[in-house]
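The block underneath contains the structure these notes are about, expressed in structure tokens.
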Amino acid sequence: MEISLKAEGKYMGLKKKPVTGMKDILPDEMAVRQYLLSEIRKCYREFGFTEIETPAVEHIENLLSRQGGDNEKLIFKLLKRGEKLEHALSSGEASALSDSGLRYDLTLPLTRFYAENQAKLPNPFKALQIGPVFRADRPQKGRFREFVQCDIDILGDESNLSEIELILAIGSFLRRIGFSGRHPFRIVLNDREILRGMQRFAGFPEEDFEEICVILDKADKIGMEGVREELLSLGLSAEGIERYLSLVLDAGEGAEDIRRLGEILGEKLSPGISENLSEIMEMVQEIAGPELRLSFDPTLVRGMGYYTGPIFEIRAEGFPGSIGGGGRYDRMVGLFTGKDTAAVGFSIGFERLVTILLESGEGTEREEGSLAILLEKGISREKLSAVLREADSRRKRGERVLIVRMNKNKKFQKEQLRKEGYQECMEIYA
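In structure tokens:
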């Protein structure tokens, strides 16, 4: 790489733009992000969640454990260092070059954390995690290789109280930031076992389960006719496909419809599955009321291979795709301990929420009591001391005070300060 030099030691032709797929965050967006993070922490704390932190770097064996769906194809792998790297290079095996990588979600690190620290944690354990994750995806508008995830998880509780609490917490947070009014949303539910029961009812082979789920997951993009064609391309019987699609098309959205589907599936569905999911929906609706809309969707799949039971997703009107989702994953902790542990989690689409609030001009309110003090060049020591004392007094009262030198273009400077939320400007002259 050619590096130009000018006045050696002072100017080098270094790159100003962030690495492809990464981004800088300017003050206006940062204000929205801080607002959301503050509301997330306040809301989830009210539900008894405890915040933890895990490293961004994980063992490569963990990341490649076939639990992350397509995300495993997008891992940022880290090269070994020193002698280990030299030895790996001499071996000629590409797989030997890396022993760690950047996490692609927060669920895998959480289960490792829980397996390592279970004896020190309460049971059940309600965890809140907020942090960056990394995926070597193809960058495009609105999709970056580094982004923030906000997860809440409950580990150690086999009952559906976990799902009920998670959905109530998510609903409470979204209503808190105005989504029930300005951006109507609903939470859709399904169960991986219902998906499996529907396939058994149609007579599909068990080994085709995941591939059929991938096709069904595209229903909103390719339509039911597209689903039918792709199922036929798998070599499945036309009669079985029609039985399968009739279940999907005839399914309603309410708790009673879940029970009815369970009756149709009969012995093809594991005992208690439909009753459990319908009870979750009814209990949440009973507590949250009509402001929190829930619906059953038999096409909801969720892409992660680690889900074992109920799954859910948030959909907001006017915004394609989901703004969050999650589900039960009772087998992941067992990958570390050899013993399965009940676990269920929900991840909010933090970056999508930031985009929505920025586009609508919401979440940018600055704190009250903001003062900017502009100092003219050449101000005396006595006046500077008085300004600093005044600022110190106001800051002790919890006010936000900025002291800056006065620019030549004072009008533009004050306009910028007002945009940053400073409601009052004080000018001090020499």
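Each residue of the sequence shown is one higher than the last, beginning at 1 in the numbering used here.
Glycine is no exception: its CB is placed at the ideal position from the N, C-alpha and C atoms.
As the structure is a prediction and not an experimental result, all values here were calculated from the model.
Query, Result
"Please report how far the alpha carbon of residue 56 lies from the alpha carbon of residue 102, in whole angstroms.", "6 Å"
"Alpha carbon to alpha carbon, how far is residue 392 from residue 406?", "20 Å"
"Kindly provide the ranges of any beta strand (DSSP E) runs that are 3 or more residues long and lie completely inside the stretch 251-332, ordered along the chain.", "293-296, 310-316 and 324-328"
"Could you check whether the stretch 111-124 touches the stretch 330-342, counting it as contact only if at least three pairs of C-beta atoms, one from each stretch, sit closer than 8 Å?", "yes"
"Three or more C-beta pairs under 8 Å: does that hold for the stretch 146-153 against the stretch 129-137?", "yes"
"Only counting the same chain, and skipping five residues up and downstream in sequence, which positions put a Cβ closer than 6 Å to that of residue 247?", "198"
"In the DSSP assignment, what residue or residues form a beta bridge with residue 434?", "Absent from the structure is residue 434, since the part of the chain shown begins at 1 and ends at 430."
"Locate the beta strand (DSSP E) running through residue 149, then write down its first and last residues.", "146-155"
"In this structure, how does DSSP classify residue 28 when only helix, strand and coil are distinguished?", "helix"
"So, at 8 Å on beta carbons, what are the nonlocal neighbours of residue 218 in its own chain, with the 5 sequence-adjacent residues on each side left out?", "226, 227 and 230"
"With distance defined between alpha-carbon atoms, name the residue in 241, 207, 169 and 41 nearest to residue 201.", "241"
"Over the uninterrupted beta strand (DSSP E) stretch that includes residue 126, give me the two end residues.", "125-134"
"Just to confirm the assignment, what range does the beta strand (DSSP E) spanning residue 77 have?", "77-79"
"Which residue or residues does DSSP assign as beta-bridge partners of residue 111?", "Residue 111 pairs with nothing; no bridge assigned."
"Go to residue 198, then tell me how far its beta strand (DSSP E) extends in each direction, as first and last residue.", "Residue 198 -> not in any beta strand (DSSP E); alpha helix (DSSP H) instead, spanning 192-202."
"Could you pull the start and end residues of the beta strand (DSSP E) that residue 401 belongs to?", "400-405"
"Return the first residue and the last residue of the alpha helix (DSSP H) that residue 345 is part of.", "It is not in any alpha helix (DSSP H) - residue 345 instead sits in the beta strand (DSSP E) that spans 343-348."
"Just curious, the alpha helix (DSSP H) that residue 220 is in, first and last residue?", "219-233"
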